[in-house]
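One structure below.
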Amino acid sequence: KLSQVSYLEWNPWDGPIAGDKHYKISFKWNTNFGEPGAFLITNKHPREFFLKSLTIDVPGGAKLGFRCNSWITPEQIDKNDRVFFANKSHLPDETPEGLKALRSPDLIQLRGTGTEQRKDSDRIYDYDVYNDLGNPDKDPKLRREVIGGSEDLPYPRRCRTGRPPTKTDESWLCTLLLKECCKVYPWVGKNEVYSYIAFLDLNEKA
Numbered sequence: 001k002l003s004q005v006s007y008l009e010w011n012p013w014d015g016p017i018a019g020d021k022h023y024k025i026s027f028k029w030n031t032n033f034g035e036p037g038a039f040l041i042t043n044k045h046p047r048e049f050f051l052k053s054l055t056i057d058v059p060g061g062a063k064l065g066f067r068c069n070s071w072i073t074p075e076q077i078d079k080n081d082r083v084f085f086a087n088k089s090h091l092p093d094e095t096p097e098g099l100k101a102l103r104s105p106d107l108i109q110l111r112g113t114g115t116e117q118r119k120d121s122d123r124i125y126d127y128d129v130y131n132d133l134g135n136p137d138k139d140p141k142l143r144r145e146v147i148g149g150s151e152d153l154p155y156p157r158r159c160r161t162g163r164p165p166t167k168t169d170e171s172w173l174c175t176l177l178l179k180e181c182c183k184v185y186p187w188v189g190k191n192e193v194y195s196y197i198a199f200l201d202l203n204e205k206a
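Encoded structure:
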């Protein structure tokens, strides 16, 4: 079962914050609620934000921790609520039914369908062979052999991006250099992308 919704408001014009910022929210606690095993969060702010953790002070003195370390995408981009689970492990046959109901759709989002092109907000991690290292549209001789995917040599693998195929060979993906083929950029999982501050540091040292 779910508790009542709580809201947190902050300045919509706030820019990137150089450091951690702590917020406090309050919500009504029902003594019959039991120990929370997860929480849902929706970002109604126009900006994304990075959520490091959540600590719930349960009446009676107990504290429950949730390690998040993930970007929360605005609702305008991703309509799905984000779910985070408490720092507590459960064996499959001992997992509460309420947590199973939350975990199943979350796993579907993480696994994807294996067909769509990656968006910046995706958290999907699936893999593909290296079939994007050549430039067959420029010259057929520049087409390189596919690396990985065989029974003897299944590796290396790359993160699948779902980029469109080249014009001359549908089994070969458009590379980042083929601007006449498609305007694409490297896809990296949101939680692995450099932070705003890290990008500034990188540019300073480049």
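Sequence positions in the sequence shown follow my numbering and run 1 to 206.
All C-beta atoms, glycine included, are put in the ideal place defined by N, C-alpha and C.
- Assignment of PRO140 by DSSP, reduced to helix, strand and coil, places it in the helix class.
- The DSSP-derived three-state label of LEU133 is coil.
- The secondary-structure analysis by DSSP pairs THR55 across a beta bridge with GLY65.
- For ILE41, the enclosing beta strand (DSSP E) covers residues 38-41.
- Between the stretch 81-99 and the stretch 128-135 there are fewer than three inter-stretch CB-CB distances shorter than 8 Å, so the stretches are not counted as touching.
- Distance from the Cα of ILE77 is smallest, within the candidate group THR166, LYS119, GLU9 and PRO154, for LYS119.
- With contact defined as three or more Cβ pairs closer than 8 Å, the stretch 103-114 and the stretch 59-69 are not in contact.
- Under DSSP, SER3 forms no beta bridge with any residue.
- The residues ASN43, LYS44, HIS45, PRO46, ARG47 and GLU48, in chain order, have a CB closer than 8 Å to that of PRO74 in the same chain once the five nearest residues on each side in sequence are set aside.
- In terms of CA proximity to ARG157, GLY148 leads the group GLY148, TRP29 and ASP106.
- Under the 10 Å beta carbon count, THR166 is surrounded by 16 or more other beta carbons and is classified as buried.
- Under the three-state reduction of DSSP, PHE199 is assigned to helix.
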